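Trainee: Residue numbers (the numbering used here): 721 to 1060. All C-beta atoms in this analysis are idealised placements derived from N, C-alpha and C, irrespective of residue type, glycine included. This structure is a prediction, so every number in the text was calculated from the model and none was measured.
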Amino acid sequence: MSTLASLEERALADLHDCTDEAALRVWKTRYLNDEVEQAVKKVSTLPPAERPAYGKQANELKKKLTAEYESAIAAEKERALARSLASEALDVTLPSRPARRGRLHVSTQTLRSIYAIFADMGFQIYRSSEVEDDETNFGLLNMPEHHPARDMWDTFYTTKPGVLLRTHTSPGQIHVMRELCPRPIRVILPGMCYRYEAITTRSEIMFHQVEGLAIGERVTMADLKGALIAFARRMFGDERTVRIRSSYFPFTEPSIEVDMDCIVCAGAGCSLCKRSGWLEILGAGMVHPVVLRNGGYDPARYSGFAFGMGVERTVMMTYAIDDIRQFWANDLRFLRQFGT
Ligand code: DAH
């Protein structure tokens, strides 16, 4: 009995000395988990006559010390909270920092406008890979090996023979034709293209193009003209006029290039249009019979038109931007100017 009394005295004195939660936990391990437990267990070693009185007192001691410990730890937690409220005071009256919203890159915004215009004309989006093989990028588009027209595209070849980064979106024409043949086709094929060029204010090694392809049994040059004029007016304004020049691409016959009257000077001549009054917007033509056949379509029965435009060039014309390198330079002062 006297051991229990002295244990109680020691335990309470030590508890009183604890100044933080860690010390309280050490105290608990020492007394409640160890010494008090031992004292309770000791009951079985006593002569039977002493057991009831001892057992009762030991259990009361355990209950009392447990209660003391719990109230001590609760009080300590209160104090810790008060301390942290005092030392880490939060001034809720401070105005918050504005949330900074990102925005879409100007090329993405322009791509989306282009998609919307062609979607209204019934064109679906078809995506094909930026890594191509030589055969699809050139050969099947009517440019066999050593064909001089290949010189129009400065190409990044990979270390794997015959594998390259596409120089234009036109190889997508082959993929879509082979997938959908003999059904009619009306798609646009947007995406990044790559060319091995010196980077200057007018040329970059990567840029977006949007290719268009329509194939059916009675598709004519008039359909091509109609689609392109409708596009130019919705993209650049109702008052736009379009000029068509004959041109050459290996995958179209006949081939054309399409100009639009300059959006700055409306044809009078300025620095944007280099005094010509016209801005070149895209290349196009009627799909070459060889290309139709490579896609699986019989040129005696089917015909089609195709076009291809550079997206960054379109953006540059829209906003009179004079340096294409701005697009991928990641300069926020440039990028923030576009859109909301
Ligand atoms: N692929 C051509 C280029 O990158 C652009 C082009 C011209 C695409 C005429 C066409 C087309 O589909 O018919 O220069």
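1) Quick check: is any heavy atom of the ligand DAH less than 7 Å from the C-beta of residue 888?
2) Using 10 angstroms around the beta-carbon of residue 721, count the other beta-carbons present and answer buried if the total reaches 16, otherwise exposed.
3) Report, in whole angstroms, the separation of the C-beta atoms of residue 910 and residue 930, which I expect to be a contact under 8 Å.
4) Would you say the beta carbon of residue 927 comes nearer than 7 Å to a heavy atom of the ligand DAH?
5) Go ahead and label residue 872 buried or exposed: buried means 16 or more other beta carbons lie within 10 angstroms of its beta carbon, across all protein chains shown.
6) Please state if the CB of residue 916 and the CB of residue 926 are separated by a distance shorter than 8 Å.
7) Out of curiosity, what's the CA-to-CA distance linking residue 1061 and residue 835?
8) Taking DSSP as the reference, what is the three-state secondary structure of residue 979?
9) If we count Cβ pairs, one from each stretch, closer than 8 Å, do we get three or more for the segment 832–847 versus the segment 806–816?
10) Report buried or exposed for residue 857, applying the criterion of at least 16 other Cβ atoms within 10 angstroms of its Cβ.
11) Determine the closest residue to residue 761 out of 778, 750 and 749, with distance taken between C-alpha atoms.
12) Sort 789, 961, 775 and 956 by Cα distance to residue 737 and report the nearest one.
13) Just the C-alpha distance for residue 830 and residue 928, rounded to the nearest angstrom, thanks.
14) In or out: residue 1046 buried (at least 16 other Cβ within 10 Å) or exposed?
15) I need the boundaries of the alpha helix (DSSP H) containing residue 1015, first residue and last residue.
16) Does the segment 846–862 come within contact of the segment 935–942, defined as at least 3 CB pairs closer than 8 Å?
17) Within this structure, are the beta carbons of residue 1055 and residue 825 separated by less than 8 Å?
18) Using only CA atoms, which one of 1040, 1013, 799 and 896 lies nearest to residue 843?
19) Pull up the CB-CB distance for residue 735 and residue 792, whole angstroms please, since I reckon it's below 8 Å.
20) Within the chosen definition, does the segment 984–994 reach the segment 1002–1018 through at least 3 CB pairs nearer than 8 Å?
21) What's the C-alpha gap between residue 1039 and residue 884?
22) Confirm, please, whether the CB-CB distance from residue 924 to residue 1048 is below 8 Å.
23) Between the alpha carbons of residue 1006 and residue 820, how many angstroms are there, rounded?
24) Quick one: which unbroken alpha helix (DSSP H) runs of 4-plus residues sit fully inside the segment 830–907? Chain order, please.
25) Starting from the Cα of residue 998, find the closest Cα among 1008, 978, 1004 and 1009 and give me that residue.
26) Output yes or no for whether 8 Å exceeds the beta carbon distance between residue 1037 and residue 970.
27) Compute the Euclidean distance between the alpha carbons of residue 949 and residue 852, then round it to the nearest angstrom.
28) Of the choices 974, 755 and 732, whose alpha-carbon is the least far from that of residue 787?
29) Would you say the beta carbon of residue 1015 is closer than 7 Å to some non-hydrogen atom of the ligand DAH?
30) Quick check: is any heavy atom of the ligand DAH less than 7 Å from the C-beta of residue 1003?
31) Report back the beta-carbon spacing between residue 959 and residue 1008 to the nearest angstrom; my notes put them in contact at under 8 Å.
32) Select from 764, 745 and 1031 the residue whose C-alpha is nearest the C-alpha of residue 675.
33) Please check if any C-beta of chain B sits within less than 8 Å of the C-beta of residue 781.
Mentor: A quick look at the data gives this:
1) Yes; taking the cut-off as 7 Å, the Cβ of residue 888 has a heavy atom of the ligand DAH nearer than that.
2) Classification of residue 721: exposed, given that the 10 Å Cβ count is below 16.
3) 5 Å between Cβ atoms; contact.
4) For the ligand DAH, not one heavy atom lies less than 7 Å from the Cβ of residue 927.
5) With fewer than 16 other beta carbons inside 10 angstroms of its own, residue 872 counts as exposed.
6) Residue 926 is not a Cβ neighbour of residue 916, given a cutoff of 8 Å.
7) Outside the shown range of the chain, which is 721 to 1060, sits residue 1061, and nothing can be said about it.
8) Residue 979 falls in the strand class under three-state DSSP.
9) No, they do not touch.
10) Buried, since its Cβ has 16 or more Cβ neighbours within 10 Å.
11) When the alpha-carbon of residue 761 is set against those of 778, 750 and 749, the nearest one is in 778.
12) Considering only 789, 961, 775 and 956, the residue with the shortest C-alpha distance to residue 737 is 789.
13) Looking at the two C-alpha atoms, the distance is approximately 10 Å.
14) Result: buried.
15) Counting along the chain, the alpha helix (DSSP H) containing residue 1015 begins and ends at 1009–1015.
16) Cβ pair count under 8 Å is below three, so no.
17) Going by C-beta atoms, residue 1055 is nearer than 8 Å to residue 825.
18) In terms of CA proximity to residue 843, 896 leads the group 1040, 1013, 799 and 896.
19) Between residue 792 and residue 735 the Cβ distance is about 6 Å, and since that is below 8 Å, they are a contact.
20) By the criterion of at least three beta-carbon pairs nearer than 8 Å, the segment 984–994 is not in contact with the segment 1002–1018.
21) The straight-line gap from Cα to Cα measures roughly 32 Å.
22) Yes, Cβ-Cβ distance for residue 1048 and residue 924 is below 8 Å.
23) Counting only the Cα atoms, residue 820 lies some 48 Å from residue 1006.
24) You should have 854–857 and 891–900.
25) Considering only alpha carbons, the answer is 978.
26) For residue 1037 and residue 970, no; Cβs fall outside 8 Å.
27) Going by C-alpha positions, residue 949 is about 31 Å away from residue 852.
28) For residue 787, the nearest C-alpha among the options comes from 732.
29) No, the ligand DAH has no heavy atom inside 7 Å of this Cβ.
30) Residue 1003: yes, Cβ under 7 Å from the ligand DAH.
31) In this structure, residue 959 and residue 1008 do not form a Cβ contact; the two beta carbons are roughly 34 Å apart against a cut-off of 8 Å.
32) A query on residue 675 cannot be resolved here, the shown segment of the chain reaching from 721 to 1060 and no further.
33) Absent here is chain B; the protein component of the structure consists of one chain.
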